[in-house]
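Undergrad: Take any residue in the sequence shown, count from 1 to its spot, add 759: that is its number in this note's numbering.
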Amino acid sequence: MLGTHKAAPAALAFQVFLLTADVLPVAANVPTLGNKAEGAALCALAAAATAPFTLPELNAAGNDDFAKLHALNLSLPGPLDTKTFKHKTPHDDWQEHPPDAKASDTAWKANYPRWLKGAQYIENNRANDNDQVKAAIQGLTQAQRTVAQSQLQPILAAANLAEAELQQAQQTLRTAKAKTLTSKLAKAAFGKEGGEPQTPQDTDFFSEAISSTRDTTCDNAAGKNAKVKTIAAAVICLCSGAGTGSEKHACFKAPSLNADWSRTGDSTRTIWALLKPFCGGRSGKTLTADSLQTALEQVLNLIYAGSGAAFLGALETGATCTGANTAGMCIKFTGATTRSAEQITTSPWVAAISDAIQTLQAVEKAARQQAQATTTLRSLLESALATTAEAKQTKIENSITTDHQSTTKEKDCSTHKTNTTCTENKCKWEGTTEKDGKCTVDGSKVTTQTTATAGKGDGTAGTAASTGCASHFTDQKECEKMNEGKEKHVCAWEKGGEGDKDKDELRCRNGSFLVNNQFALLVS
760 MLGTHKAAPA ALAFQVFLLT ADVLPVAANV PTLGNKAEGA ALCALAAAAT
810 APFTLPELNA AGNDDFAKLH ALNLSLPGPL DTKTFKHKTP HDDWQEHPPD
860 AKASDTAWKA NYPRWLKGAQ YIENNRANDN DQVKAAIQGL TQAQRTVAQS
910 QLQPILAAAN LAEAELQQAQ QTLRTAKAKT LTSKLAKAAF GKEGGEPQTP
960 QDTDFFSEAI SSTRDTTCDN AAGKNAKVKT IAAAVICLCS GAGTGSEKHA
1010 CFKAPSLNAD WSRTGDSTRT IWALLKPFCG GRSGKTLTAD SLQTALEQVL
1060 NLIYAGSGAA FLGALETGAT CTGANTAGMC IKFTGATTRS AEQITTSPWV
1110 AAISDAIQTL QAVEKAARQQ AQATTTLRSL LESALATTAE AKQTKIENSI
1160 TTDHQSTTKE KDCSTHKTNT TCTENKCKWE GTTEKDGKCT VDGSKVTTQT
1210 TATAGKGDGT AGTAASTGCA SHFTDQKECE KMNEGKEKHV CAWEKGGEGD
1260 KDKDELRCRN GSFLVNNQFA LLVS
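#1: So I881 is in the beta strand (DSSP E); what residue range does that whole segment cover?
#2: Considering only the alpha carbon of each residue, which of A1086, D1019, S1026, A1048 lies closest to V1122?
#3: In chain order, which alpha helix (DSSP H) runs of at least 4 residues are fully inside the stretch 948-1018?
#4: So is T1081 buried or exposed if we call it buried at 16+ other beta carbons inside 10 Å?
#5: On a Cα-Cα basis, can you pick out the residue from C977, K827, S834, P815 that is closest to R933?
#6: Kindly indicate which residue of P956, K1151, D864 has the alpha-carbon position closest to the one of Q910.
#7: Apart from the five residues just before and just after D1162, which ones in its own chain have a Cβ nearer than 7 Å to its Cβ?
#8: According to DSSP, is A1054 helix, strand or coil?
#9: Starting from F1289 and walking both ways along the alpha helix (DSSP H), at which residues does that stretch end?
#10: If you follow the alpha helix (DSSP H) that G798 is in, where does it begin and where does it stop?
#11: May I have a chain-ordered list of the alpha helix (DSSP H) segments no shorter than 4 residues that lie completely inside the stretch 1092-1121?
#12: Buried or exposed: where does T972 fall if 16 or more other Cβ atoms within 10 Å of its Cβ makes it buried?
#13: Around the Cβ of S1066, are there at least 16 other Cβ atoms within 10 angstroms (buried) or fewer (exposed)?
#14: Just the C-alpha distance for A878 and Q1128, rounded to the nearest angstrom, thanks.
#15: Given a threshold of 16 other Cβ atoms within 10 Å of its Cβ, counted over all protein chains shown, does W853 qualify as buried or as exposed?
#16: Please confirm if the stretch 897-911 is in contact with the stretch 959-976, defined as three or more CB-CB distances below 8 Å between the two stretches.
#17: Restricting to Cα atoms, I'd like to know which of F1070, L835, C1181, E1189 is closest to L901.
#18: Note down, in chain order, each residue of its chain lying with its Cβ closer than 8 Å to the Cβ of K983, except the 5 sequence neighbours on either side.
#19: Determine whether the beta carbon atoms of L1033 and C1089 lie at a separation below 9 Å.
#20: Could you give the distance in angstroms between the alpha-carbon of V1058 and the alpha-carbon of L801?
#21: Tell me which residue opens and which closes the alpha helix (DSSP H) that T1179 is part of.
#22: On a CA-only basis, which of T809, A819, S1099, L915 is nearest I990? Give me that one, please.
#23: Among the residues of its own chain, which have a CB less than 7 Å from the CB of K827, if the five just before and after it don't count?
#24: Which of the three DSSP states, helix, strand or coil, is assigned to T931?
#25: From T843 to S1050, what distance separates their C-alpha atoms?
#26: On a CA-only basis, which of L1265, M1241, D1234, V789 is nearest S710? Give me that one, please.
#27: Starting from E1189, trace the beta strand (DSSP E) in both directions and tell me its first and last residue.
#28: Return the chain-ordered list of same chain residues with a C-beta closer than 6 Å to the C-beta of E924, the five sequence neighbours on each side being excluded.
#29: Rounded to whole angstroms, what's the CA-CA distance from L1052 to W874? Just pull it up for me.
#30: Enumerate in chain order the residues of its own chain whose CB-to-CB distance from A1083 is below 6 Å, with the five nearest sequence positions on each side excluded.
#31: Can you round the beta-carbon distance between N794 and G1094 to whole angstroms, since I take them to be within the 8 Å contact cut?
#32: Below 8 Å on the Cβ atoms is my contact criterion, and I expect S966 with K986 to pass it. Report the Cβ-Cβ distance as a whole number of Å.
#33: Starting from I1090, follow its DSSP beta bridges and name the residues at the other end.
#34: Roughly how many whole angstroms lie between the Cα atoms of T1153 and L1144?
#35: Can you name the start and end residues of the beta strand (DSSP E) that C1080 belongs to?
#36: Which value, in whole angstroms, describes the spacing of the CA atoms of A981 and A1126?
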């Protein structure tokens, strides 16, 4: 239950509703240190709001590792033709969107920005002899490249998810709210985005110049147009008396303290100079969402309800904050009956600090998210490089397979006992007559069969293609005939891309980029 003139215990949660209770006079005067708890809570809030804070920096390591992963995937089939990403004539500038032919392709729209990062990485590192991607693919046979690219796909899928988390985190860290957080808090505390003013004017702390009619200012703490617009203004209303009685020690007890509400034009400056030694300290901690929220809740938990209004500070008689110890040393939120009432939550300093708490929570989450995504992407890159290195071992496995095939073939050939049956089964007859001799393996035919198997495909995996566009490599007329009857051209008579040995020569080349294995796995 609420007391008759003070707040419920500070342990009450911020969202707890206040019951409306009439404020009844319980003493003739505001006693010495009658606002001690309120003054201490307000000063602690000001200290928390102006505590040191450094916005977490953007860490580009994860972005770079993500680009390397896609660069590796694009590099495995062979040299990349960057015209796919510079698809508008004269093919000089990177394009942020897919070619028109792929504009409605869902897979292309999703993957193109990722591929673009990989392509840009490749181009930016063409002259870098220490590039990890170059080192990873160096010495790989085409068969090994195919194996590596296939095994790379689940790693890329995980990397795409991690990079989405990274982008989300970095977007939060780039927001204007994050960048202006400390200046907004300084303004909520002392009225200036640059921090506490050395010689504050009335309009720094209050929304207008204060006058001898104190209650017209301190009674106006409610809503976005409140005259009490800063924490420092609230401290002045609660801790400076209207005379020389006990109210001069309402918040802080010191023989020399006489923070009277001055009637002069520089009253705010005069009063704050007297109160600042008791309220200008720093917490010694860094700014966090938890520390700021705790400090705000400690203040809000001291607010209590009266007749049609809520108050922070001592109110002995009446319903106005005149500053006299026989009336009230307080701030008044007219119309508020709960701590969560709009009249309180939209008051300038309360609203600014509440908004800053949300921003801090988002920034702290983003910092953790960026760190986790960066770690994940580094781990995935290491896995991808290890996978590529392991793929080089397939060369040994291929040799074993070939030896096994030769052994099997040798056994098969040895079963033939005549020249005729031996040669009909692609074996070699070593003998002088039809039946006098030995049937052995024909090594040239085994080699031919192996080469033919390795060469199957669309001709873009690094093998010498004898079909498709490449079969008309130097014949423009036959090249153009390949497009007859087809909805989209599959061949083009044009110069090569970066990395092609004959890039400056007109040749018959694949006209559809999907023919290139760089993208076949990703869009399947």
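Even for Gly, the Cβ is constructed at its ideal location relative to N, Cα and C.
TA: Quick look at the numbers:
#1: Run containing I881: none in the beta strand (DSSP E); it sits in the alpha helix (DSSP H), 865-883.
#2: A1048
#3: 961-964, 974-977, 990-998
#4: buried
#5: P815
#6: K1151
#7: Its pLDDT being 45, under 50, D1162 is placed unreliably by the model, and the measurement read from it follows with that caveat. Counting only Cβ-Cβ distances below 7 Å, and skipping sequence neighbours, we find nothing.
#8: helix
#9: The requested residue 1289 is not part of the displayed model; the chain covers only 760 to 1283.
#10: 795-808
#11: 1101-1104
#12: exposed
#13: exposed
#14: 26 Å
#15: exposed
#16: no
#17: Checking the sequence shown, residue 901 turns out to be Gln, not Leu. Closest by alpha carbon: L835.
#18: T1105, S1106, P1107, A1110
#19: no
#20: 6 Å
#21: 1178-1183
#22: T809
#23: Y880, Q891, V892, L1140
#24: helix
#25: 52 Å
#26: Summary: the structure shown does not reach residue 710, with the chain confined to residues 760 through 1283, and so no result is reported for it.
#27: 1186-1190
#28: Q1128, A1132
#29: Looking at the sequence provided, one finds Gln at residue 1052 rather than Leu. Answer to the nearest angstrom: the Cα atoms are 43 Å apart.
#30: A1001
#31: That belief does not hold up - the Cβ atoms of N794 and G1094 are roughly 23 Å apart, past 8 Å.
#32: 5 Å
#33: L1071
#34: 15 Å
#35: It is not in any beta strand (DSSP E) - C1080 carries neither H nor E in the DSSP assignment.
#36: 35 Å
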